[in-house]
Amino acid sequence: MKKCNFFLAFGLVLTLSLGVSSCSQDDVLEVNEQKGNVALCTTRAEANMVLSKYLELNNEQYTLSISAEEAEKLGVPFGLYEDAQRELSITNALIQKLKNDPNTILELTDPKVAPKSRSNWDTPSLYSAPTGTLRTNGQEEAISGFVWAPSGTKGIEFLCRANAALTPLYNCKTYSSGAWQSKSAIGALGVNTTIQVPLYVSNDNIRVAFSTSDSNGGTATYQGYN
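Be aware that the sequence shown starts at 3, since it is given in the numbering used here, and climbs by one per residue.
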């Protein structure tokens, strides 16, 4: 329950801090000029995709290795750059808070080493049914129907991606033997975040669930692992 409360609080604070103008990738900023031949970003999703190339993880804190002036030359308006910096401040504060909670394990995605390909797993022999994809349009939770986990399936591996947030929080869950298990991770826009959640039993019907703090939603492709 504590982990769920952290997740909900993070999503709420992130949405409120970024403001109405940047909560959805469909919200367009008013832009009066375009500098040179650089395409000017008009949504948070566009700006964050540019900034994600300069996102770094150092000492369990996320930072941007690009200044506001440099970002403007790449088409990122100052307001959207500031939105990204506020998001990172909230994410880093959450990381510090959860580090002090002995009951919470939070995985951090390093954007410089995480795979960018949307392709699935490279070693099929290590994986098994069930497989599928969960999608969300916002911060709601997507839950599968009951699916069969063959004998020997130890758990479910999720490949998570966000739609707009620079450092989204992911929460992945499995339901087996009448109980839920969950794990959370901080991701990075444009790369995969892998989360493995164990099962209590195999050779049984199970369910899986996925949610993200990204107010534009995200996707989790899942597959059983042996």
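C-beta: ideal position from N, C-alpha, C; glycine also.
Y224 versus S146 - alpha carbon distance: The sequence position of residue 224 within the sequence shown is 222, counting from 1. The sequence position of residue 146 within the sequence shown is 144, counting from 1. The alpha-carbon atoms of Y224 and S146 are separated by roughly 11 Å.
Y129 - DSSP class collapsed to helix/strand/coil: Taking the first residue of the sequence shown as position 1, residue 129 is located at position 127. Here Y129 sits in strand by DSSP.
Nearest to K156 (by Cα), restricted to the options K99, Q183 and Y172: In the sequence shown, counting from the first residue as 1, residue 156 sits at position 154. Among K99, Q183 and Y172, the Cα nearest to that of K156 belongs to Q183.
Opening and closing residue of the beta strand (DSSP E) in which K175 lies: Residue 175 sits at position 173 when you count from the first residue of the sequence shown. Residues L171 to S178.
Of the listed residues A222, T45, G226 and A41, nearest to T135 (C-alpha basis): Position 133 of the sequence shown holds residue 135. The shortest Cα separation from T135 among A222, T45, G226 and A41 belongs to A222.
Extent of the continuous beta strand (DSSP E) run through Q198: Working through the sequence shown from its first residue, we reach residue 198 at position 196. It spans T195 to P200 - the beta strand (DSSP E) in which Q198 sits, taken as one unbroken run.
Span separating the alpha-carbon of A41 from that of G77: Start at 1 with the first residue of the sequence shown, and residue 41 comes out as number 39. Start at 1 with the first residue of the sequence shown, and residue 77 comes out as number 75. So the two alpha carbons sit approximately 6 Å from each other.
Contained beta strand (DSSP E) runs [length at least 3] in the segment 63-150, N- to C-terminal order: 63-66, 108-110 and 129-137
Contacting residues, own chain, Cβ-Cβ under 6 Å from F160 (five flanking each side not counted): Residue numbering aside, residue 160 sits at position 158 when the sequence shown is read from its first letter. So the qualifying residues of the chain are C174, I197, A222 and Y224.
Range of the contiguous alpha helix (DSSP H) that encloses N50: Looking up residue 50 in the sequence shown gives position 48. Note, N50: alpha helix (DSSP H), R46 to L53.
Inter-residue CB distance, R137 and A144 (contact presumed, cutoff 8 Å): Taking the first residue of the sequence shown as position 1, residue 137 is located at position 135. Taking the first residue of the sequence shown as position 1, residue 144 is located at position 142. Right, their Cβ atoms sit about 6 Å apart.
N- and C-terminal bounds of the beta strand (DSSP E) containing Y227: As a first step, residue 227 is located in the sequence shown; it is residue number 225 there, counting from the start. From DSSP, the beta strand (DSSP E) with Y227 extends over G220 to Y227.
Cut-off 7 Å between Cβ atoms - residues of its own chain near A164, not counting five sequence neighbours on either side: The residue labelled residue 164 in the question sits at position 162 within the sequence shown. For A164, where only same-chain residues beyond five positions count, the Cβ hits under 7 Å are P170, G189, L191, T214, D216 and G220.
Start-to-end residues for the beta strand (DSSP E) that takes in T214: Start at 1 with the first residue of the sequence shown, and residue 214 comes out as number 212. D206 to T214 is the extent of the beta strand (DSSP E) around T214.
Environment of G226 [buried if 16+ CB atoms lie within 10 Å]: On the sequence shown, residue 226 is found 224 positions in, with the first residue counted as 1. By the neighbour-count rule (16 or more Cβ atoms within 10 Å), G226 is buried.
Terminal residues of the beta strand (DSSP E) in which G157 lies: On the sequence shown, residue 157 is found 155 positions in, with the first residue counted as 1. Here the beta strand (DSSP E) through G157 covers G157 to A164.
Check whether A166 and A47 have beta carbons under 8 Å apart: Taking the sequence shown and counting its residues from 1, one reaches residue 166 at position 164. Taking the sequence shown and counting its residues from 1, one reaches residue 47 at position 45. Yes, the pair counts as a contact, with Cβ atoms nearer than the cut-off.
Member of C43, V210 and T106 whose CA lies at the smallest distance from the CA of F80: Here residue 80 corresponds to residue number 78 of the sequence shown, with the count starting at 1. Among C43, V210 and T106, the Cα nearest to that of F80 belongs to C43.
L136 CB to nearest heavy atom of the ligand PLP below 7 Å: With respect to small molecules bound, the structure shown includes none, and the ligand PLP cannot be examined in it.
F212 burial status per 10 Å Cβ neighbour count (16 or more: buried): By 1-based counting over the sequence shown, the position of residue 212 is 210. Buried is the call here.
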